[in-house]
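For the sequence shown, counting from 1, position 209 maps to 1371 in my numbering; every step adds exactly one. Every residue, glycine too, gets a C-beta built ideally from N, C-alpha and C. Below: one structure, written as structure tokens.
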Amino acid sequence: MDSQTRPAAGVRLMNETHMVRSRPENYRFYNLTRDGRIAQIMAAGFIMVFVLLTIGASAQLGVHDLRSQSDPGPLQVAQHIAEKIVVAALFLALPVSLGLTVMHRFADIGIGPDGLAVQVYLFFWALVPWDSIVAVDSRWLPGESSYDQAIILVRQLTIWHRFVTAAHMMSLTPGIPITTYHEHWRELLQTLNDQLAARAPHDNLSLRSRCCGD
1163 MDSQTRPAAG VRLMNETHMV RSRPENYRFY NLTRDGRIAQ IMAAGFIMVF
1213 VLLTIGASAQ LGVHDLRSQS DPGPLQVAQH IAEKIVVAAL FLALPVSLGL
1263 TVMHRFADIG IGPDGLAVQV YLFFWALVPW DSIVAVDSRW LPGESSYDQA
1313 IILVRQLTIW HRFVTAAHMM SLTPGIPITT YHEHWRELLQ TLNDQLAARA
1363 PHDNLSLRSR CCGD
């Protein structure tokens, strides 16, 4: 049986995914385990340290270069600053992208009556309506009898969730991972399964018979 299932053609997106600042109410949240939280915080710390070091090094080099010039004019100073900013941005692109991808690989997830709540950028929440879920890809750990993770593919989320999916299944569709790094992950998968089965019984979106020991 194919581990990825898709809804029937013609399903219309009823609501758009949107972001809120505070943790939404009326959701059952499944937080990261201790190891998952450490990985999330380390990714965020890696980004901050790398950005600060790059800014500091660029500023120091910029000051040194300006001092080596004889009486630079305002235009020269502005051009020099612009060049340093471009170089710093290019230098930061890859490590910051990697850090943000890892950070969004580990995130708290909530299930509510209107859909999913996914932690983004550490301090925000993306509310993903049920109609935005386009597929569920289940994976299993060799040697185990039950699935240990799933990736929920959705129509709209951050670019970092696209990178997460690309790393797992070579797809650029935004994905929300559910893994053993979530507390009560089996309950999370089962609750997701029940919600999808109840809302789209003919779309074959649920994980029934493929997770949680079913």
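L1252 carries a helical assignment under DSSP once its states are collapsed to helix, strand and coil. Comparing alpha-carbon positions, the option among A1219, F1212, V1280 and S1333 lying closest to T1179 turns out to be V1280.
Nearest to P1275 by alpha-carbon distance, out of P1291, A1205 and I1314, is P1291. Annotation for Q1357: the continuous alpha helix (DSSP H) segment containing it runs W1347 to R1361.
Taking Y1343 as the centre and dropping the five residues before and after it, the same chain places the C-beta of L1194, T1195, D1197, G1198, A1201 and F1268 closer than 8 Å to its C-beta, in chain order. The three-state secondary structure of L1289, taken from DSSP, is strand.
With contacts defined by Cβ atoms closer than 8 Å, Y1192 and L1350 form a contacting pair. Short of 6 Å from the beta carbon of M1181, and not among the five residues preceding or following it, lie these beta carbons of its own chain, in chain order: F1286 and A1288. As the crow flies, the alpha-carbon of L1319 is around 27 Å from that of A1250. If you compare the alpha carbons of F1208, A1359, R1317 and I1295 with that of P1257, the shortest gap goes to F1208. With 16 or more other Cβ atoms from the protein chains shown falling within 10 Å of its own Cβ, A1205 counts as buried. Apart from the 5 residues on each side of it in sequence, G1261 sits with its Cβ closer than 8 Å to the Cβ of A1205, A1206, F1208, I1209 and F1212 in its chain, given in chain order. Leaving aside the five residues that flank I1273 on each side, the residues in its chain whose CB is nearer than 6 Å to its CB run, in chain order, R1190 and T1353. In this structure, DSSP gives M1210 a helical state, which the three-state scheme calls helix.
Just measuring C-alpha positions, the residue of W1322, L1315, T1341 and A1297 sitting nearest A1255 is W1322.
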